[in-house]
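**Student:** Take the sequence shown: its letter number 244 is residue 244 in the UniProt record's numbering, and every next letter is one higher. Ideal Cβ positions, reconstructed from N, Cα and C, are used throughout, including at glycine. Sharing a structure, written as structure tokens. Questions coming.
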Amino acid sequence: YIISKGRWKSRLTSKALEEMKIPYYIVVEPQEYDNYAKVIDSKKILVLPFSNLGQASISVRNWVWEHSIKEGRERHWLLDDNIFSFWRLNRNSHIRVSSGTIFKVMEDFTDRYENVAFSGTHNLTFVRKIDKIPPFYLNTRIYSCTLIKNDILYRWRGIYNEDTDLCLRALKGGYCTILFNAFTMDKATTMVMEGGNTDSIYNTGDKRRAFAESLKKQHPDIVKVVWKFNRWHHQVNYKVFRGNKLVKKPNIKISKGINNYGMVLETIKDIKGE
């Protein structure tokens with residue numbers, strides 16, 4: 001599912017999934033349906049039964065969750081609408097992918113374990129190919145491209161930092177999260193693109209202090225508000241969740257060796273001599 005508002009012209013994530021031939025739904029408010037239907041197959045559009053609730057994307061996210069459950073799914077992918085492309089990090093090289101195979105890999109890895117509430121791609125910006133990086137980080141925040149376990153009791157809430165809050169509640173409940181470094185997304189910076197929450201929620205005019213304070217209020221035991229990079233940030237102590245260990249499902253057999261799922265590196269253009 002892609003949740004989208006006011007971005008039928010840019011529709012970055014939709015274009016990326018179309019290019020990769022990945023089936024998807026894009027979830028929109030009723031007053032914007034016609035605009036989206038002009039540029040996206042109407043069969044891929046889900047229309048919400050509400051609009052402009054002033055709750056950021058919270059109601060939309062929870063509606064999607066229930067839609068997935070009604071469809072009989074065990075998990076669902078939830079994607080923001082500002083993702084340019086998806087990448088694989090392999091042998092210290094970022095390679096842009098042209099199929100949905102990486103989603104299958106993440107699903108299969110997640111499904112090895114009983115207690116993974118959320119998993120998803122890291123942001124390409126924060127995964128430097130010159131560094132020594134593990135294939136994934138355990139027990140941290142998952143955001144913007146998230147595989148969600150449908151049968152957990154938690155749901156989206158609040159207005160700001162909804163992804164961090166949801167992950168923290170699950171971690172406090174003993175679940176694990178998996179943030180993949182092996183697979184990443186290249187996404188637009190928050191508050192740069194028009195539409196979404198940029199126009200209605202994020203323009204607080206207080207250097208994002210309201211964002212940071214809201215998470216501290218929700219989780220005062222592990223969150224601090226700090227000033228850096230010329231604005232306010234929340235700082236979360238994820239170290240307290242080191243005791244949350246992955247629990248492998250019984251009878252899971254993992255083959256030895258490396259499974260590349262048929263992914264190969266192809267030369268699209270020979271640049272020798274240029």
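In the structure shown, what three-state DSSP assignment does I142 receive?
**Tutor:** Looking at I142 - three-state DSSP - the assignment turns out to be coil, as it is neither helix nor strand.
**Student:** Quick one: residues in its chain with C-beta nearer than 7 angstroms to the C-beta of E213, no 5 flanking neighbours on either side, listed in chain order?
**Tutor:** Around E213: V225.
**Student:** Count the other CB atoms within 10 Å of the CB of W227; is the residue buried (16 or more) or exposed (fewer)?
**Tutor:** Exposed.
**Student:** Please determine, among N82, K21 and P30, the residue with the shortest C-alpha to C-alpha distance to I45.
**Tutor:** Cα-wise, what sits closest to I45 is P30.
**Student:** Between the region 46 to 57 and the region 21 to 28, do at least 3 Cβ pairs fall closer than 8 angstroms?
**Tutor:** Yes: the two stretches touch, three or more of their Cβ pairs being nearer than 8 angstroms.
**Student:** On the DSSP letters alone, give me the boundaries of the beta strand (DSSP E) that L46 sits inside.
**Tutor:** I45 to V47 is the extent of the beta strand (DSSP E) around L46.
**Student:** Tell me whether the beta-carbon of E114 lies closer than 7 angstroms to the beta-carbon of K249.
**Tutor:** In this structure, K249 lies closer than 7 angstroms to E114 by Cβ.
**Student:** Measuring alpha carbon to alpha carbon, tell me which residue in L78, D151 and K239 is nearest S14.
**Tutor:** Here the closest residue by C-alpha is L78.
**Student:** Helix or strand or just coil, what does DSSP make of H219?
**Tutor:** If DSSP states are grouped into helix, strand and coil, H219 belongs with coil.
**Student:** Can you give me the start and stop residues for the beta strand (DSSP E) that H153 sits inside?
**Tutor:** Going by the sequence as given, residue 153 is Leu instead of His. No beta strand (DSSP E) contains L153, which DSSP labels as neither H nor E.
**Student:** For K132, does the three-state DSSP call read helix, strand or coil?
**Tutor:** Note: K132 maps to coil in three-state DSSP.
**Student:** Using a Cβ-Cβ cutoff of less than 6 angstroms, which residues in the same chain neighbour Y160 once the five nearest sequence positions on both sides are dropped?
**Tutor:** So the qualifying residues of the chain are F211 and S214.
**Student:** Please give the ranges of any beta strand (DSSP E) in the region 84 to 120, keeping only runs that are unbroken, at least 3 residues long and fully inside the region.
**Tutor:** Qualifying beta strand (DSSP E) stretches, in chain order: 93 to 96.
**Student:** If you reduce the DSSP assignment to three classes, tell me which class I22 lands in.
**Tutor:** Here I22 sits in coil by DSSP.
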